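Participant: Residue numbers (my numbering): 28 to 240.
1. Does the region 153 to 164 come within contact of the region 128 to 145, defined as at least 3 CB pairs closer than 8 Å?
2. Please report the distance separating the alpha-carbon of residue 58 from that of residue 47.
3. Is residue 238 closer than 8 Å to residue 69 when the C-beta atoms are compared?
4. Going by DSSP, what residue range makes up the beta strand (DSSP E) through residue 190?
5. Return the Cβ separation of residue 200 and residue 115 in integer angstroms, given the expectation that the two are a contact with Cβ distance under 8 Å.
6. Based on DSSP bridge pairs, tell me the residues matched to residue 158.
7. Could you give the C-beta distance for residue 171 and residue 192, rounded to a whole number, given that I count them as a contact under 8 Å?
8. Between the region 120 to 133 and the region 176 to 185, are three or more C-beta pairs nearer than 8 Å?
9. Let me know if residue 52 comes out buried or exposed under the rule of 16 or more other beta-carbons within 10 Å of its beta-carbon.
10. To which residues of the same chain is residue 90 closer than 7 Å at the C-beta, ignoring the five residues directly before and after it?
11. My output table needs one value for residue 28: the three-state DSSP class, helix, strand or coil.
12. Tell me the rounded alpha-carbon separation between residue 202 and residue 185.
13. Helix, strand or coil: how does DSSP classify residue 105 here?
14. What residues in its chain sit with their C-beta under 8 Å from that of residue 103, if we drop five residues either side in the sequence?
15. Classify residue 140: buried if its beta carbon has 16 or more other beta carbons within 10 angstroms, exposed otherwise.
16. Anyone know if the C-beta pair for residue 218 and residue 235 falls short of 8 Å?
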């Protein structure tokens, strides 16, 4: 006698039920959302880190340029006791000496300005003509000079302090130890520059010696 096995378990159907498919789809959707959020967090963190590194690199380059300019600042005694440095909050103006191969040394006016969150650097053409140098100096002090090259953006503030020969501490702009001093004695020997970037907790600080070259 033969036994018919086809109808042994008629209630069991092959494959997944609708409920099982819905559960599987829901689980996959949750995993996909979690994975996307994790990837988005990683991408955002990487973008933020890249921006921070770019800002830090930009500040380092700006400080390196300031160091080069401060090293080559001209002493007032070289220019008949003309002022060769003017500092204020958000601005530094100086006269520096420049050298070219097989050429006599020349002087140029260099100006750092912070305006609308942008730190710029302007430099005039090198010259040996004192009248021309005086004209450029006045133009820079009155902000009638051509615009400078942008060094960094998103800068909240630039604070400048001066160190004088009396070694009585850092002084704010306008706090010269001797208002009657002229020439080299009226010029500080060092500058401290604090650059505060937007969305940064602490400023980046650099100290520069003047006239070391």
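Idealized CB from N, CA, C, for every residue including glycine. Remember, predicted model here, so these are calculated numbers, not experimental data.
Facilitator: From the atom records:
1. yes
2. 17 Å
3. no
4. 182 to 190
5. 5 Å
6. According to DSSP, residue 158 bridges with nothing at all.
7. That pair is no contact at about 33 Å.
8. no
9. exposed
10. 233
11. A caution first: residue 28 carries a pLDDT of 48, below 50, which makes its placement in the model too unreliable to give a value.
12. 17 Å
13. helix
14. 109, 110, 111, 209, 210, 211, 213 and 214
15. buried
16. yes
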